[in-house]
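Following: one structure in structure tokens, then a few remarks.
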Amino acid sequence: MSEKIQSLRGMPDILPLDAPVWQYLERTAAAVLSSYGYAYLGTPLLESTALFTRSIGAATDIIEKEMYTFADRNNESVSLRPEGTASVVRAMLQHGLLQTPGQKVWYQGPMFRYEKPQRGRSRQFHQIGAEVFGLAGPDIDAELLAMSARLWEVLGISGNLRLEINSLGSATERQRYRQHLHDWLALHKAELDDDSLRRLETNPMRILDSKNPDMQALIGAAPKLFDHLGDTSREHFDQLMAILDCMNISWQHNHRLVRGLDYYTHTVFEWVTDDLGAQGTVCAGGRYDGLVELHGGAAIPGIGFAMGQERLVALLQQLPQDFARQPDVYLIIADQSLQQQAIVLAEQLRDQLPELRLLTNMGGGSMRAQFKRADRSKAQIALVLGADEWATDQITVKWLRNQQDQVAVSLQELGKWLQQNLNS
RNA sequence: GUGGGCGUAGCUCAGUGGUAGAGCACCGCGUUGUGGCCGCGGCGGUCGUGGGUUCAAUCCCCAUCGUCCACCCCA
2 MSEKIQSLRG MPDILPLDAP VWQYLERTAA AVLSSYGYAY LGTPLLESTA
52 LFTRSIGAAT DIIEKEMYTF ADRNNESVSL RPEGTASVVR AMLQHGLLQT
102 PGQKVWYQGP MFRYEKPQRG RSRQFHQIGA EVFGLAGPDI DAELLAMSAR
152 LWEVLGISGN LRLEINSLGS ATERQRYRQH LHDWLALHKA ELDDDSLRRL
202 ETNPMRILDS KNPDMQALIG AAPKLFDHLG DTSREHFDQL MAILDCMNIS
252 WQHNHRLVRG LDYYTHTVFE WVTDDLGAQG TVCAGGRYDG LVELHGGAAI
302 PGIGFAMGQE RLVALLQQLP QDFARQPDVY LIIADQSLQQ QAIVLAEQLR
352 DQLPELRLLT NMGGGSMRAQ FKRADRSKAQ IALVLGADEW ATDQITVKWL
402 RNQQDQVAVS LQELGKWLQQ NLNS
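Heads up, the first sequence is in this note's numbering, so the first residue is 2 and it goes up one at a time.
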């Protein structure tokens, strides 16, 4: 026996039992996104390392220590994508898709960050994201949020989520505030914990995010970003709030919401839940008005979000709903000499009824064994094909989930019969 | 990267310093072509891995790997 190879740490399989929830989430999201006019955009999992270092921010943990970076065979530094936005911007620019304003795209797939796994966090994880380019106003911010709110509604998890919003202002406003905050915090160095002291120089705004209870008083007293915004930024924010109110989307202004990635400007938001432990952010995003320019394009504004599929799946799994689709029919072969005929019959039924979920017994077995499998398959009915049936051009139909009597149906009529009697 | 909990059959877990069990699952049987309930039987574990202590370790010690939770970070 050779040694068993296991999956890499933090790189889980999606097992058949969980697959139905995943597929439900993905097709529901795809439907909602497309109903707002978003087109799918697929980008590679592997990109030039520079793409990410340039856009995400050199001081972030993602760049500093979480990227899967290595030299490919051509000795070029490549990285597995830690997030989706950078690739989308790259692709849009590369293919000249930003000429017309209002481009809407979405993506889905695995992302990679070398982190220590815990609840709601793994090294390979999946995101569904949406991005819009060329629209600077709060109207699209509002629509994007409405779209996410609608998705929660459709999925049945809106009761678990709340929306937190903030504005980071323009790049210069943000820069100015950052300096101001740094100076203020520096006066209170004695009250900062170790993590905050470290962040003071690298990313002081993240101190506002601290979970340390001892820090909360200080954070509450710190100067607020919102008070340092210019009129234009405030107006953008106010208008967005007004539209959200019109749509009855409730929100909270979280002054401490700063987001981790460097490219955000103006509107930032998070959908958070209390039902998933420490990793409560299920969907997050914001505006990134300078990012396209940063990648060599024109000064085209953008906004987008990404949702964590593992976290959404975890919420969906708390619902009483069963997402699995059970088979309709299990075909039992009472006489192994009829194996060929049974398989042909199954194919004929699939021709007639493309929607039919039909399992044909494989691998032989006694009637008892086959009925056991039929029962376990959760099929509605069992079909029995044996010598008696074959001799009379009939098939035996037995209901497995109710007490209806077993009946014989002619093989010619079987397709029609199933169509009329299943359909539940 | 830091801290803590846990690693015994496919799953959920008992257990003892003298090399192991239960429930569920799986397979078969309870007569000839009928599942779900019940009964009987069976398959299945180098007790995560490597060292050490000991006459002897699954149980004690160390290391390592994995896993879970939290910090950090973030979706």
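Beta carbons: idealized from backbone N, C-alpha and C, even for Gly.
Distance between residue j and residue i (C-alpha atoms, nearest Å)
i: Arg114; j: Pro328; result: 38 angstroms
i: Pro139; j: Ser378; result: 51 angstroms
i: Met2; j: Ser8; result: With a pLDDT of 47 at Met2, under the threshold of 50, the modelled position of that residue is not reliable, and the figure given next carries that caveat. About 18 angstroms.
i: Tyr183; j: Arg163; result: It is His, not Tyr, that sits at residue 183 in the sequence shown. If I take the Cα positions, the gap works out to 30 angstroms.
i: Leu145; j: Leu136; result: 12 angstroms
i: Ile208; j: Ser251; result: 26 angstroms
i: Ala87; j: Leu42; result: 13 angstroms
i: Gln421; j: Thr70; result: 58 angstroms
i: Leu18; j: Leu317; result: 14 angstroms
i: Gln240; j: Asn249; result: 14 angstroms
i: Leu332; j: Ala72; result: 53 angstroms
i: Gln413; j: Asp323; result: 35 angstroms
i: Thr266; j: Gln280; result: 23 angstroms
i: Glu311; j: Thr173; result: 36 angstroms
i: Ala388; j: Ala375; result: 20 angstroms
i: His127; j: Leu401; result: 38 angstroms
i: Ser78; j: Glu48; result: 9 angstroms
i: His296; j: Leu186; result: 33 angstroms
i: Glu426; j: Met216; result: Since the first residue of the chain shown is 2 and the last is 425, residue 426 is not available in this structure.
i: Gln22; j: Leu188; result: According to the sequence shown, residue 22 is Val rather than Gln. Using only the alpha carbons, I get a separation of about 51 angstroms.
i: Leu302; j: Arg199; result: Before going further, note that residue 302 is Pro rather than Leu in the sequence given. If you take the alpha carbons of Pro302 and Arg199, they lie about 32 angstroms apart.
i: Ala347; j: Leu320; result: 35 angstroms
i: Arg10; j: Ile57; result: 25 angstroms
i: Leu210; j: Gly309; result: As written in the sequence, residue 210 is Asp, which differs from the Leu given in the question. So the two alpha carbons sit approximately 20 angstroms from each other.
i: Gln407; j: Leu415; result: 14 angstroms
i: Glu356; j: Ile396; result: 21 angstroms
i: Ile334; j: Gln349; result: 16 angstroms
i: Ala32; j: Tyr178; result: 40 angstroms
i: Asp394; j: Leu16; result: 41 angstroms
i: Gln180; j: Asn167; result: 19 angstroms
i: Asn424; j: Met242; result: 47 angstroms
i: Thr274; j: Ser338; result: 58 angstroms
i: Glu294; j: Ala51; result: 15 angstroms
i: Gln125; j: Lys212; result: 25 angstroms
i: Pro111; j: Arg288; result: 22 angstroms
i: Ser35; j: Ser159; result: 20 angstroms
Residue i, enclosing beta strand (DSSP E) - first and last residue
i: Thr61; result: Here Thr61 belongs to no beta strand (DSSP E), and DSSP marks it neither H nor E.
i: Ile334; result: Val330 to Ile334
i: Ala285; result: Thr282 to Arg288
i: Ala222; result: It is not in any beta strand (DSSP E) - Ala222 instead sits in the alpha helix (DSSP H) that spans Gln217 to Ala222.
Closest by C-alpha distance to residue i, when choosing among the options
i: Glu271; options: Thr282, Gly261 and Asp263; result: Thr282
i: Gly231; options: Gly170, Asp215 and Ile244; result: Gly170
i: Ala299; options: Leu98, Thr61, Leu423 and Ile158; result: Leu98
i: Ala1; options: Tyr264, Ser411, Thr203 and Asp215; result: Past the edges of the chain, shown from 2 to 425, lies residue 1, and the structure says nothing about it.
i: Phe227; options: His254, Ser211, Gln217 and Gly160; result: His254
i: Cys247; options: Arg177, Ala143 and Ala285; result: Ala143
i: Gly130; options: Leu423, Leu359, Thr393 and Ala307; result: Ala307
i: Ile63; options: Asn75, Leu46, Arg82 and Arg74; result: Arg82
i: Lys399; options: Asp275, Val410, Ala392 and Asn213; result: Val410
i: Leu258; options: Gln404, Asp196 and Ile220; result: Ile220
i: Gly305; options: Arg55, Thr274, Gln24 and Gly103; result: Gly103
i: Gln24; options: Lys66, Met68, Asn76 and Leu156; result: Leu156
i: Ser367; options: Asp352, Thr361 and Asp336; result: Asp336
i: Gln340; options: Leu354, Arg351, Asn362 and Arg358; result: Asn362
i: Met148; options: Gly85, Leu245, Phe53 and Asn161; result: Leu245
i: Arg175; options: Asp194, Leu419 and Pro205; result: Pro205
i: Leu360; options: Arg369, Gln353 and Ala343; result: Ala343
i: Gln277; options: Val133, Val90 and Asn161; result: First, the residue type needs correcting, since residue 277 is Leu and not Gln in the sequence shown. Closest option to Leu277, Cα to Cα, is Asn161.
i: Phe238; options: Ile141, Gly261 and Ser80; result: Ile141
Start-to-end residues for the alpha helix (DSSP H) that takes in residue i
i: Phe238; result: Asp232 to Cys247
i: Thr173; result: Ala172 to Leu188
i: Tyr108; result: Premise fails: Tyr108 lies in the beta strand (DSSP E), Gln104 to Phe113, not in any alpha helix (DSSP H).
i: Glu165; result: Here Glu165 belongs to no alpha helix (DSSP H); instead the beta strand (DSSP E) covers Arg163 to Ser168.
i: Ala307; result: No alpha helix (DSSP H) contains Ala307, which is instead part of the beta strand (DSSP E) from Gly303 to Gly309.
i: Val133; result: Counting along the chain, Val133 falls outside any alpha helix (DSSP H), though it belongs to the beta strand (DSSP E) covering Gln125 to Phe134.
i: Trp23; result: Ala20 to Ser36
i: Thr86; result: Thr86 to Gln95
Within 8 angstroms, do at least three Cβ pairs link the region 80-96 to the region 15-33? Look at the beta carbons and you see the region 15-33 not touching the region 80-96: under three pairs across the two are nearer than 8 angstroms.
Quick one: which unbroken beta strand (DSSP E) runs of 3-plus residues sit fully inside the region 341-416? Chain order, please. Runs of the beta strand (DSSP E) lying entirely within the region 341-416, each at least 3 residues long, are 359-361, 382-386, 395-400 and 408-411 in chain order.
Taking 8 angstroms as the threshold, find out whether the region 377-397 comes into contact with the region 326-342 through three or more Cβ pairs. Touching, yes.
Kindly confirm or deny that the region 99-109 and the region 40-54 touch, where touching means at least three C-beta pairs closer than 8 angstroms. The answer is yes - the region 40-54 touches the region 99-109, with three or more Cβ pairs under 8 angstroms.
When you compare the region 302-317 with the region 115-129, are there three or more beta-carbon pairs, one atom per stretch, that lie closer than 8 angstroms? Flag = yes, the region 302-317 and the region 115-129 touch.
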